[in-house]
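A.B. asks: Numbering (numbering that gives the first Met the number 0), first residue to last: 0 to 290.
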Amino acid sequence: MLHIQDPEEATELYDKCISASPNGLVYALSWYMNIVCPEWEILATDDYSTVMPLPVSRSFGRKVIRQPDFAWQLGVFSTQIPSPEIIRHFVQSIPSAYRLRKLCLNKFNILPSSGARFLNSAELDLIQPYARINSKYGKSMNDRMILAKKESLSYIKNVSVHDMLMFGFRLDKFNRGRLKAGEISILRLLACNAIRFRSGQIGAAYDVHNNLCATVLFALFKGRASILYAAANSEGLAQGGIEFIIDRFIKTNTEQNLVLCVDNSSDKKLMEILKGCGSGISNYPCLKNLD
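1) At 3 residues or longer, and completely inside the region 183-259: list those beta strand (DSSP E) runs for me, N to C.
2) Going by beta carbon distance, what residues of the same chain come within less than 6 Å of Arg247, once the five residues before and after it are set aside?
3) Report the start-end ranges of each beta strand (DSSP E) in the region 140-186 that is 3 residues or longer and not cut off at the edges.
4) Straight-line CA distance for Ala231 to Ala147?
5) For Ala19, does the three-state DSSP call read helix, strand or coil?
6) I need the straight-line Cα distance from Thr78 to Lys287, nearest angstrom please.
7) Using DSSP with H/G/I as helix, E/B as strand and the rest coil, what is Asp14?
8) Where does Gly167 land, buried or exposed, given buried means 16+ other C-beta within 10 angstroms?
9) Would Lys291 and Ala130 qualify as a contact pair, given that the criterion is a beta-carbon distance under 8 Å?
10) Count the other CB atoms, across all protein chains shown, that sit within 10 Å of the CB of Ser184; report buried if there are 16 or more and exposed otherwise.
11) With distances taken Cα to Cα, identify the nearest neighbour of Ile272 among Thr251, Ile86, Ser95, Phe173.
12) What three-state label does DSSP hand Phe69 in the structure shown?
13) Determine the burial state of Met0: buried for a count of at least 16 other Cβ atoms within 10 Å of its Cβ, exposed for fewer.
14) Look up Tyr26 in the DSSP assignment and say whether it is helix, strand or coil.
15) Just the Cα atoms here: how many angstroms apart are Asp290 and Tyr31?
16) May I ask you to verify whether the region 260-271 touches the region 195-205, counting CB pairs closer than 8 Å and requiring at least 3?
17) Just the Cα atoms here: how many angstroms apart are Tyr259 and Pro111?
18) From the DSSP output, in three-state form, read off Met32 for me.
19) Which of the three DSSP states is assigned to Glu38 in this structure?
20) Cα-Cα, which of Asn108, Leu189, Thr253, Ser233 is closest to Cys285?
21) Quick check: what's the CA-CA separation for Met140 versus Tyr47?
22) Among Asn22, Gly239, Asp68, which residue has its Cα nearest to the Cα of Arg305?
23) Write down the C-beta distance between Ile34 and Leu188 rounded to the nearest angstrom, noting that I regard them as a contact closer than 8 Å.
24) Which same chain residues, not among the five before or five after Asp68, have their C-beta less than 8 Å away from its C-beta?
25) Determine the direct distance from the alpha carbon of Ala218 to that of Asn256, and round the result to whole angstroms.
26) For Val158, tell me which candidate among Ile280, Ser18, Asn209 has the shortest Cα-Cα distance.
27) Counting C-beta neighbours from all protein chains within 10 Å, is the total for Ile145 16 or more, i.e. buried, or is it exposed?
28) Between Leu102 and Ala27, which are expected to be in contact by the criterion C-beta below 8 Å, what is the C-beta distance as a whole number of angstroms?
29) What is the C-beta distance between Ile64 and Ile93, in whole angstroms, given that I count them as a contact (C-beta under 8 Å)?
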């Protein structure tokens, strides 16, 4: 087992494994980890066919494993789905000097008898035609679509990163609290890099007066479109702006090998919106407070 404390030494081999992994996630890519967890490290087999990003930070001078914001599933990634024995071996190979506060694996990481808590992801498969997906919308989602049409909302595929962040900071009423400075910095880097690597989209809804009223940030990688952030002002909330954007994303991307997902289990509002579109629920294990 290799323990790489400076990921720059192994970025190419590491990213090659993530990209070849059946369970590869955008959160685990080196550019993403560099943003959300600058001190991250890597565990890997000698040939880099299996890797595990370690979200390392420091607390009172001690190295701590703590799940980063905006990276909800990490864990073990391999060129083939890793066995429970391999998952266990990697978890047990985390240096004993590192305090494990919280580490969320991914849904393909089966770790029996671990005492892990399981969190939820909402996942909507877009392989079917839009009419079939739309027929499974719940009453609340359909009502919001009727309202958005009545209010003459319009859609733009890519608003600027700056406009998304300033809108979210100044006017957002969808989330519980205002964006903090650190969150703005992370979101700016995530959005800019996702767009740079052609894997990011910022959907925007405008009201009848051509004012921005809702935004949603999507990150696409290996057939999976993850919603990283959504915001709406008072008008956007009242007129179904976020639901309108998500419906447009679905309509644009149906009949493709793509899964639209919300991995942040604590974002109950986004989870409910996607469930209202007919999504299923998957589970992923989360380890907490282990020494």
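Backbone N, C-alpha and C define an ideal beta-carbon position, used for all residues, glycine too. For clarity, every value in this text was computed on a predicted model and none was experimentally measured.
C.D. replies: The answer reads as follows:
1) Taking only runs of at least 3 residues, the beta strand (DSSP E) segments lying wholly in the region 183-259 are 199-205, 211-220, 223-231.
2) Locating residue 247 in the sequence shown gives position 248, where the first residue counts as 1. Result list for Arg247: Tyr154, in chain order.
3) If only uninterrupted beta strand (DSSP E) runs of at least 3 residues are considered, those enclosed by the region 140-186 are 153-155.
4) For the purposes of this step, residue 231 is taken as residue 232 along the sequence shown, with counting starting at 1. For the purposes of this step, residue 147 is taken as residue 148 along the sequence shown, with counting starting at 1. Put simply, the backbone Cα of Ala231 is about 13 Å away from that of Ala147.
5) Here residue 19 refers to the residue found at position 20 when the sequence shown is read from its first residue. In the structure shown, Ala19 sits in a helix (DSSP, three-state: H, G or I).
6) Walking along the sequence shown from the start, residue 78 turns up at place 79. Walking along the sequence shown from the start, residue 287 turns up at place 288. When rounded, the distance between both Cα atoms is 27 Å.
7) Stepping through the sequence shown from its first residue, residue 14 is reached at position 15. Looking at Asp14 - three-state DSSP - the assignment turns out to be helix.
8) Along the sequence shown, one-based indexing puts residue 167 at 168. Under this definition Gly167 is a buried residue.
9) Nothing about residue 291 can be reported from this structure: the residues present for the chain run from 0 to 290 only.
10) Taking the sequence shown and counting its residues from 1, the one referred to as residue 184 is at position 185. Flag for Ser184 reads exposed.
11) The residue you call residue 272 lines up with position 273 of the sequence shown. For the residues Thr251, Ile86, Ser95, Phe173, the minimum Cα distance to Ile272 belongs to Phe173.
12) The sequence position of residue 69 within the sequence shown is 70, counting from 1. Phe69: coil per DSSP, three-state reduction.
13) Indexing the sequence shown from 1 puts residue 0 at position 1. Counting Cβ neighbours within 10 Å, Met0 comes out exposed, since fewer than 16 surround it.
14) Reading the sequence shown from its first residue, position 27 is the one you call residue 26. Correct three-state label for Tyr26: helix.
15) Here the question's residue 290 lines up with position 291 in the sequence shown. Here the question's residue 31 lines up with position 32 in the sequence shown. Low confidence applies here, because Asp290 scores a pLDDT of 47, under 50, leaving its location unreliable; read the following figure in that light. Cα-Cα distance, rounded: 27 Å.
16) As far as the Cβ criterion goes, the region 260-271 does not touch the region 195-205, which means the pair count is below three.
17) What you label residue 259 is simply residue 260 of the sequence shown in a count that begins at 1. What you label residue 111 is simply residue 112 of the sequence shown in a count that begins at 1. Position check: residue 259 holds Leu in this sequence, whereas Tyr was assumed. As the crow flies, the alpha-carbon of Leu259 is around 28 Å from that of Pro111.
18) Numbered from its first residue, the sequence shown carries residue 32 at position 33. Helix.
19) Your numbering for residue 38 matches position 39 in the sequence shown. Coil, per DSSP.
20) Within the sequence shown, the letter at position 286 stands for residue 285. That would be Asn108, whose Cα lies nearest to the Cα of Cys285.
21) As a first step, residue 140 must be located in the sequence shown, where it is residue number 141. As a first step, residue 47 must be located in the sequence shown, where it is residue number 48. A direct Cα-Cα distance of roughly 44 Å separates Met140 from Tyr47.
22) The structure shown does not extend to residue 305, since the chain is modelled only from 0 through 290, so no value can be given for it.
23) Sequence index remark: in the sequence shown, residue 34 carries index 35 (1-based). Sequence index remark: in the sequence shown, residue 188 carries index 189 (1-based). Contact holds; Cβ gap of about 5 Å.
24) To locate residue 68, count along the sequence shown from 1; it is residue 69. Leaving aside the five residues that flank Asp68 on each side, the residues in its chain whose CB is nearer than 8 Å to its CB run, in chain order, Val35, Glu182, Ile185.
25) Counting from one through the sequence shown, the residue named residue 256 turns up at place 257. Counting from one through the sequence shown, the residue named residue 218 turns up at place 219. In this structure, the straight-line span from the alpha carbon of Asn256 to that of Ala218 is close to 15 Å.
26) On the sequence shown, residue 158 is found 159 positions in, with the first residue counted as 1. Of the residues Ile280, Ser18, Asn209, the one whose Cα lies closest to the Cα of Val158 is Asn209.
27) Residue numbering aside, residue 145 sits at position 146 when the sequence shown is read from its first letter. Residue environment: Ile145 is assigned as exposed (fewer than 16 neighbouring CB atoms within 10 Å of its CB, all protein chains considered).
28) Against the sequence shown, residue 102 aligns to sequence position 103. Against the sequence shown, residue 27 aligns to sequence position 28. About 13 Å; that fails the 8 Å criterion.
29) What you label residue 64 is simply residue 65 of the sequence shown in a count that begins at 1. What you label residue 93 is simply residue 94 of the sequence shown in a count that begins at 1. Contact between Ile64 and Ile93 is confirmed by a C-beta separation of about 7 Å, below the 8 Å threshold.
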